[in-house]
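Sequential numbering from 3 applies to the sequence shown in the working numbering.
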Amino acid sequence: MPAPAASTAALFHALADPMRIEVLELLANGERCVCDLMEDLSVAQSRLSWHLKTLKEAGLVTDRREGRWSYYTLERTAFERAEKALSALKPRARRLAIRTADACCE
3 MPAPAASTAA LFHALADPMR IEVLELLANG ERCVCDLMED LSVAQSRLSW HLKTLKEAGL
63 VTDRREGRWS YYTLERTAFE RAEKALSALK PRARRLAIRT ADACCE
């Protein structure tokens, strides 16, 4: 799989989980400490860390350390990449829909 396709696949894989969507919704309001995310989501640190790692690897969030605390922020350019990827698929999806409709038997 070419690098751009792999990157896009990782991005959409990260978006395909309800817990990660909840994390992103919380981060849409600004930077959050992991401890606050744990409390808001009522989730164990280990489970949240797994989801944050997936989001970070997909480029959807960035983190910073302050002492022993980790803070996460949305990486807004990732959402622009997702939008561009979907836009690029639209013409192909339309062509496929037309071909499929034409190929159907009555």
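C-beta: ideal position from N, C-alpha, C; glycine also.
Asked: What is the DSSP secondary structure of S51, counted as helix, strand or coil?; Found: helix
Asked: At a cut of 8 Å, does the region 68-79 reach the region 30-43 through at least three beta carbon pairs?; Found: yes
Asked: Rounded to whole angstroms, how far is the Cβ of L62 from the Cβ of A16, which I believe are closer than 8 Å?; Found: 6 Å
Asked: For S44, which of helix, strand or coil comes out of DSSP?; Found: coil
Asked: Could you spell out the range, first to last residue, of the beta strand (DSSP E) harbouring L76?; Found: W71 to L76
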